[in-house]
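Here is the structure we will look at.
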Amino acid sequence: MSAPSEPPYVITISSEKGGVGKTTLATNLAIYLKAMHEDLPVTLLSFDNHFSVDRMFRLAKGAPRGDVSQLFSGTPIEQLVETGEYGVQIVPSSDQLAPLRRELDNPQLLANSLAAAKLEGILIIDTRPDLDIFTQSALFASDRVIVPVKDAPSLENCRHIYDFFDSQQISRRPLRILPCLIDGRIHYDGPFRDPYQLLKAYAINRGYRCLEGYIAKSPKVESLQTNPEGKIYPVLTHGRQTDVHIQLSHIARQVYLDTLDKQQRRLDQVQTEQITRNRSSQNAFEKRRQAINRSCLVCDTPLVENDQIGSAGYFALGSDQQVGGYLEEECFTRLVFRYFYGAKRAIEPTDPLWDLFRESAHRSYFVLCRAPHTRNFYQQKLSFYRFDEGGLEVSHKTVELHEFEKRLLGKERSDLFPLLERTLFDPERKLLDRFLLVRKVSSDLPEEILFDHNFDHHLKVMQKISTQLPDL
6 MSAPSEPPYV
16 ITISSEKGGV
26 GKTTLATNLA
36 IYLKAMHEDL
46 PVTLLSFDNH
56 FSVDRMFRLA
66 KGAPRGDVSQ
76 LFSGTPIEQL
86 VETGEYGVQI
96 VPSSDQLAPL
106 RRELDNPQLL
116 ANSLAAAKLE
126 GILIIDTRPD
136 LDIFTQSALF
146 ASDRVIVPVK
156 DAPSLENCRH
166 IYDFFDSQQI
176 SRRPLRILPC
186 LIDGRIHYDG
196 PFRDPYQLLK
206 AYAINRGYRC
216 LEGYIAKSPK
226 VESLQTNPEG
236 KIYPVLTHGR
246 QTDVHIQLSH
256 IARQVYLDTL
266 DKQQRRLDQV
276 QTEQITRNRS
286 SQNAFEKRRQ
296 AINRSCLVCD
306 TPLVENDQIG
316 SAGYFALGSD
326 QQVGGYLEEE
336 CFTRLVFRYF
346 YGAKRAIEPT
356 DPLWDLFRES
366 AHRSYFVLCR
376 APHTRNFYQQ
386 KLSFYRFDEG
396 GLEVSHKTVE
406 LHEFEKRLLG
416 KERSDLFPLL
426 ERTLFDPERK
436 LLDRFLLVRK
446 VSSDLPEEIL
456 FDHNFDHHLK
466 VMQKISTQLP
476 DL
């Protein structure tokens, strides 16, 4: 059996300052690395929408089979790569990142996707000149982050990248400053003879680590991207006579030697952390499932058997999290119509009112609790609240509790009491201070509400609702 392949070494080129040579560095670094070791897989992608990567590398004339936006929807990167010019693989760029930017909020998503992929070698990511979610995602996944700077303002902007690493509790070790577009004609009096030495001194003084060397400003190199043909040419083939060629060779050699470091790859670390989180989430889910009542809280019909949750319609949880469980849809719906909506007739599942209630229940939270200011009352009262999805009150009603009711054939026990005995009554059958929060669940996957994200959201809504309830 062959050993599992090592994940790619991820290099991100990032700066919040525009015009510092990020794309020039990213594209040429990919070419130099590939030329240095032809058997080394090198992949390049860009989260900037100027399509420079596509214009420089893409060979295919038709529409791509995918693009970088799909990295955030679960598509493995190996299904998106195309072989491009100079042997460099690319993931085609996308002009649909703007709407996606508003939907994403987790910078770990890209790293999780790359960690599970089968890509090998080196992955270089070019970014936009801002710290948006795509740049954050690239930074989070990186083994090496190269930050091009050309002057003091661009160096000051580095602080935000360092702050991001600190906020995510990631080591700053991958970060390196690289002075770029250095004008060799400028010289200073004093200890720092030129802009390169001055920028490097500023960086070191701020605690930043630098790559060895710099990239010079070169009219020849600039012309490779601004020619009338609209094509972008690499320095390796069209600028070998420039100092930039030697400087890029030196940078590429440093980066390649970094890839040989036996330290754990960032994506390996991400995958290990993800496995740990998944195990922790599964344990928390199992603990929640074991803690809930295994039968319907109203009719006592078994709903949890062999670790599978049956046809539950609603989930109920006490505000102190000491009681919880599921309710059959028919049980809860009949309770609501009979005791709180004052229905004069039995409402059946075939009734249009039933469907109307089910539809509104998907957008609601329900609360059962002792009526405000009735503690120790001989005649107990129960309040029923409905809140919207944002946790804001929509309506409420209070009813008196009577254990036995007049029915057609005499007195019968109220259907409310079994629910209250399992959730809100103390041993003397007095209503406790807790309230019961009830939420509609998917009949196909009722346990979904016990998953970490959904359960945490349920608790947040519960907390918000608790601040609106009067003193019980």
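Residue numbers 6 to 477, in our numbering, belong to the letters of the sequence shown in order.
The beta-carbon is built from N, C-alpha and C at its ideal position, and this holds for glycine as well.
According to DSSP, simplified to helix, strand and coil, what is residue 453? helix
Could you check the C-alpha separation between residue 423 and residue 316 for me, to the nearest Å? 19 angstroms
Uninterrupted alpha helix (DSSP H) stretches inside the region 267-322 (no shorter than 4 residues): 271-296
Where the beta strand (DSSP E) through residue 370 begins and ends: 369-375
Reference residue 51; option with closest CA among 133, 433, 391, 20: 133
Does residue 109 come out as helix, strand or coil in the three-state DSSP assignment? coil
Nearest-angstrom Cα separation, counted from residue 440 out to residue 347: 22 angstroms
Are there three or more Cβ pairs, one per stretch, closer than 8 angstroms when the region 110-117 is compared with the region 46-63? no
Could you give the DSSP three-state label for residue 471: helix, strand or coil? helix
Entirely enclosed beta strand (DSSP E) segments - the region 381-455, minimum 3 residues: 386-393, 398-405, 409-412, 415-418, 441-445
With a threshold of 8 angstroms, are at least 3 pairs of Cβ atoms found where one atom belongs to the region 291-302 and the other to the region 329-346? yes
Run the CB neighbour count on residue 250, radius 10 Å, all protein chains shown included, and call it buried at 16 or more, exposed below. buried
Assigned secondary structure, residue 50 (DSSP; H/G/I helix, E/B strand, else coil): strand
Following the continuous alpha helix (DSSP H) through residue 200, name the residue where it begins and the one where it ends. 200-210
Straight-line Cα distance separating residue 128 from residue 7: For residue 7, the predicted model reports a pLDDT of 44, less than 50, meaning its position is unreliable; a value from the coordinates is still stated below. Going by the C-alpha atoms only, they are around 23 angstroms apart.
Using DSSP with H/G/I as helix, E/B as strand and the rest coil, what is residue 173? coil
What separation, rounded to the nearest whole angstrom, lies between the Cα atoms of residue 12 and residue 147? 12 angstroms
Rounded to the nearest angstrom, what separates residue 395 and residue 351 at their Cα positions? 31 angstroms
Just mark residue 426 as buried or exposed, buried being the case when its beta carbon has 16 or more other beta carbons within 10 Å. exposed
Quick check: the Cα distance between residue 19 and residue 470, rounded to an integer number of angstroms? 43 angstroms
With a threshold of 16 other CB atoms inside 10 Å of the CB of residue 53, please say whether the residue is buried or exposed. buried
Which of the three DSSP states is assigned to residue 153 in this structure? strand
Of all the options 139, 58, 310, which has the alpha carbon lying nearest to the alpha carbon of residue 235? 58
Cβ distance (whole Å) where residue 112 is taken to contact residue 142 below 8 angstroms: 5 angstroms
Using 8 angstroms for Cβ pairs, my map puts residue 391 next to residue 371. What's the rounded Cβ distance? 6 angstroms
Quick one: give me the first and last residue of the beta strand (DSSP E) that residue 182 is part of. 180-184
Comparing C-alpha positions only, which one of 39, 443, 453 sits nearest to residue 321? 443
Which runs of the alpha helix (DSSP H) fall wholly inside the region 72-141 and span at least 4 residues, in chain order? 102-106, 114-120
Kindly list the residues whose CB is nearer than 7 angstroms to the CB of residue 160, restricted to its own chain and excluding five residues on each side of it in sequence; keep chain order. 154, 204, 207, 208
Please go through the same chain and pick out, in chain order, the residues whose beta-carbon is closer than 7 angstroms to the beta-carbon of residue 157, but skip the five residues on each side of it. 207
Using the rule of at least 16 other Cβ atoms within 10 Å of the residue's Cβ for burial, across every protein chain shown, is residue 21 buried or exposed? buried
Just checking, does the region 210-230 make contact with the region 170-181 on the three C-beta pairs under 8 angstroms criterion? yes
Whole-Å CB distance - residue 244 paired with residue 226, under 8 angstroms assumed: 5 angstroms
Beta-carbon contacts of residue 4 that lie in its chain and below 6 angstroms, excluding the five residues immediately before and after: It is not possible to answer for residue 4, since the shown part of the chain is limited to 6 through 477.
Can you list, in chain order, the residues of its chain whose CB lies under 6 angstroms from that of residue 272, leaving out five sequence neighbours each side? 12, 119, 120
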